[in-house]
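Q: Per my numbering: the sequence shown = residues 412 to 847.
Glycine residues also receive a C-beta, built at the ideal position from the N, C-alpha and C atoms.
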Amino acid sequence: MLKKKNWVLLLMMFSLITVFSSGCEQSPKGAEITIDPDMTGFDDFMMSAYEGDQYLIVYGSQGSETDTTRLKNYAEYLDSILNFQEEGQLIIESDVNVTEADLEDKHIILLGNPETNSLFAQINDKLPIQVIDNKVEIPDAGWTIGEETTTFTYLIPNPLNQSKYLWVIGASKSDYFSHLRFMTMNLKIDDYLIKADERTRYSGRFSKASSGWTILQLEARETIGEFESADSKHFVIRYSPVDQQTKENIRDILQEREIIYEKIADQLGFEPDHRIDIDIYMTEEVMEHYVGRDDDFLSGLSYEVHKQGQEDLKYKEKIAKIFLGELGISLDQMTRDGLSFALVAEKEESEVFIDRENYLPLTDLTGPLINRSFDSEMVRRELRSFFQYLIEHDGMDKAIDLYQINGTMGLKEALQQVYGKDLLTLEGEWINEIDK
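#1: Using a 10 Å radius around the Cβ and a threshold of 16 neighbouring Cβ atoms, would you call residue 688 buried or exposed?
#2: Quick check on this structure: which residue in 472, 629, 717 and 545 has the alpha carbon closest to the alpha carbon of residue 507?
#3: Three Cβ pairs or more, each shorter than 8 Å: is that satisfied between the stretch 619-639 and the stretch 724-739?
#4: Considering only C-alpha positions, which residue in the set 647, 659 and 634 is nearest to residue 704?
#5: Looking only at its chain, what residues have a beta carbon closer than 7 Å to the beta carbon of residue 752, apart from the 5 residues adjacent to it on each side?
#6: Quick check on DSSP: helix, strand or coil for residue 526?
#7: With C-beta atoms as the reference, is residue 600 less than 8 Å away from residue 540?
#8: Have a look at 679, 528, 501 and 706 and flag the residue whose alpha-carbon is nearest the alpha-carbon of residue 470.
#9: Please confirm if the stretch 669-682 is in contact with the stretch 645-655, defined as three or more CB-CB distances below 8 Å between the two stretches.
#10: If I'm right that residue 534 touches residue 570 with Cβ under 8 Å, what's the distance once you round it to whole angstroms?
#11: Please classify residue 516 as buried or exposed, where buried requires at least 16 neighbouring CB atoms within 10 angstroms.
#12: Give me, in chain order, the residues of the same chain whose beta-carbon lies closer than 7 Å to that of residue 502; leave out the 5 immediate sequence neighbours on both sides.
#13: Look at the Cβ atom of residue 825, then the Cβ atom of residue 813, and state whether they are nearer than 8 Å.
#14: Assign residue 653 to buried or exposed, taking buried as 16 or more other Cβ atoms, counted over all protein chains shown, within 10 Å of its Cβ.
#15: Considering only C-alpha positions, which residue in the set 691, 804, 577 and 608 is nearest to residue 838?
#16: I'd like the span of the alpha helix (DSSP H) that includes residue 846, first residue to last.
#17: Our contact map puts residue 740 next to residue 821 with C-beta atoms below 8 Å; I'd like the distance itself, whole angstroms only.
#18: Assuming residue 922 and residue 452 form a contact by the criterion Cβ under 8 Å, report the distance between their Cβ atoms to the nearest whole angstrom.
#19: So, using beta-carbon positions, are residue 580 and residue 561 closer together than 8 Å?
#20: Taking only three categories from DSSP, how would you classify residue 830?
#21: Just grab the DSSP bridge partners of residue 541 for me.
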């Protein structure tokens with residue numbers, strides 16, 4: 412069974428709230444009635460966990476080794492978010508290990524695309540959103556979305572067993588599997604999201620008939636509206652025309668970000684080959700209306716929230732992640748966050764005290780997602796300090812190597828390969844150093 416607090420967390424992560432069943436269409440004349448009208452979408456999908464339903468995440472294994480690693484890592488990330496309480500209620504399997512019994516008994520979460528996932532290939536022509544020749548096709552609407560950056564997520568009754576759900580999450584090209592975990596969807600109003608790129612999103616509700624769920628027409632959602640813009644050497648900032656405080660302070664805002672840019676570039680020894688885009692929103696609610704809770708640092712775009720003119724406290728590390736995104740993406744959140752924190756740390760933040768009685772072992776912080784119940788400031792402090800230690804003692808080049816190698820293998824193995832030591836040994840050396 413799904414833990415209630417973790418279910419609430421999932422709702423926040425995906426902006427998930429009850430999907431109303433109003434507006435469902437009647438079946439076309441003569442169509443076979445196969446779908447229970449009580450199947451309304453994500454609310455029903457998640458609430459079924461309380462009734463003991465079983466779930467199976469199916470990742471593709473037909474692509475390259477990197478493709479499979481990324482999809483499996485993303486499956487583990489989803490498992491961490493869902494965090495079902497009952498043993499075995501949610502399991503992860505490769506596409507080649509899915510059985511007929513799985514399709515009969517379980518809701519399926521399908522990851523990848525037809526090229527990388529054999530189950531996806533088997534049912535692709537039965538889906539309302541298909542992938543054909545690395546393009547996303549919506550046959551009922553007569554649409555083709557050809558951008559190679561396209562990612563998508565949607566939930567429908569499983570065409571192979573319409574008494575169970577099929578949640579599809581994927582990308583038209585496997586190069587963009589790394590973007591999946593940073594794509595969110597506002598399920599308060601949407602059943603599906605197709606994200607062609609960081610500026611182009613199509614979302615809406617399925618036309619729900621008892622014979623199938625379809626998309627009859629697509630609706631594009633703007634990500635920035637009629638925003639104004641200002642630029643500098645390395646940045647383009649967009650903001651609402653009614654945001655007077657940002658407008659009045661825009662030159663100072665740009666200058667502050669240029670300072671951080673130079674600080675990061677000096678440490679890493681490289682910089683992005685494009686200007687960084689920053690969208691500034693006045694509230695989190697406004698931001699979610701436009702872009703959900705997306706993180707588009709891999710596309711060179713940062714989202715900031717300036718509440719009542721107060722600057723986004725995380726803008727520095729967001730810029731650092733855009734730099735690191737030039738190197739790809741590590742599998743472990745610990746590496747992404749830790750190196751970002753260290754790159755933008757102020758001098759006073761280097762003098763950290765670790766309370767041995769109130770301390771999170773670093774082994775607890777590995778994996779695709781750090782436990783959200785941990786104290787965020789404690790996690791931040793420990794990761795910043797540990798990665799500062801690695802940089803000071805072994806240099807930035809090794810830290811960069813770690814970030815990149817962690818993109819193809821787990822952090823514990825990557826640490827062994829780069830530093831020749833396991834995490835426990837490095838952790839002990841770090842603790843001894845800061846205790847001096």
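A: Inspection of the coordinates gives the following:
#1: Your numbering for residue 688 matches position 277 in the sequence shown. When all chains shown are included, residue 688 counts as buried.
#2: As a first step, residue 507 must be located in the sequence shown, where it is residue number 96. Closest option to residue 507, Cα to Cα, is 472.
#3: Segments in contact, no.
#4: Within the sequence shown, numbered from 1, the residue matching residue 704 stands at position 293. Looking at 647, 659 and 634, the one whose alpha-carbon comes closest to that of residue 704 is 634.
#5: Counted from its first residue, the sequence shown places residue 752 at position 341. If the five residues before and after residue 752 are omitted, its C-beta is found closer than 7 Å to the C-beta atoms of 728, 791, 794, 795 and 798, all from its own chain and listed in chain order.
#6: Taking the sequence shown and counting its residues from 1, the one referred to as residue 526 is at position 115. If DSSP states are grouped into helix, strand and coil, residue 526 belongs with coil.
#7: Start at 1 with the first residue of the sequence shown, and residue 600 comes out as number 189. Start at 1 with the first residue of the sequence shown, and residue 540 comes out as number 129. Result no, Cβ atoms of residue 600 and residue 540 do not sit closer than 8 Å.
#8: On the sequence shown, residue 470 is found 59 positions in, with the first residue counted as 1. Residue 528 is the option with its Cα nearest to residue 470.
#9: Counting Cβ pairs under 8 Å, three or more are found: they touch.
#10: For this step, residue 534 is matched to residue 123 along the sequence shown. For this step, residue 570 is matched to residue 159 along the sequence shown. Yes, they are in contact, since the Cβ atoms of residue 534 and residue 570 sit about 5 Å apart, within 8 Å.
#11: Residue 516 sits at position 105 when you count from the first residue of the sequence shown. With fewer than 16 other Cβ atoms inside 10 Å of its own Cβ, residue 516 counts as exposed.
#12: Locating residue 502 in the sequence shown gives position 91, counting from the first residue. 467, listed in sequence order.
#13: Here residue 825 corresponds to residue number 414 of the sequence shown, with the count starting at 1. Here residue 813 corresponds to residue number 402 of the sequence shown, with the count starting at 1. Less than 8 Å divides the Cβ of residue 825 from the Cβ of residue 813.
#14: Taking the sequence shown and counting its residues from 1, the one referred to as residue 653 is at position 242. By the neighbour-count criterion, in which a residue is buried when 16 or more other Cβ atoms sit within 10 angstroms of its Cβ, residue 653 is exposed.
#15: Locating residue 838 in the sequence shown gives position 427, counting from the first residue. Minimum Cα distance to residue 838 is reached at 804.
#16: As a working mapping, residue 846 is identified with position 435 in the sequence shown. It spans 834-846 - the alpha helix (DSSP H) in which residue 846 sits, taken as one unbroken run.
#17: Locating residue 740 in the sequence shown gives position 329, counting from the first residue. Locating residue 821 in the sequence shown gives position 410, counting from the first residue. Contact flag wrong, Cβ pair sits at about 14 Å.
#18: The question about residue 922 has no answer, for the chain in this structure spans 412 to 847.
#19: Here the question's residue 580 lines up with position 169 in the sequence shown. Here the question's residue 561 lines up with position 150 in the sequence shown. For residue 580 and residue 561, no; Cβs fall outside 8 Å.
#20: By 1-based counting over the sequence shown, the position of residue 830 is 419. Looking at residue 830 - three-state DSSP - the assignment turns out to be helix.
#21: Here the question's residue 541 lines up with position 130 in the sequence shown. Listed as beta-bridge partners of residue 541 by DSSP are 548.
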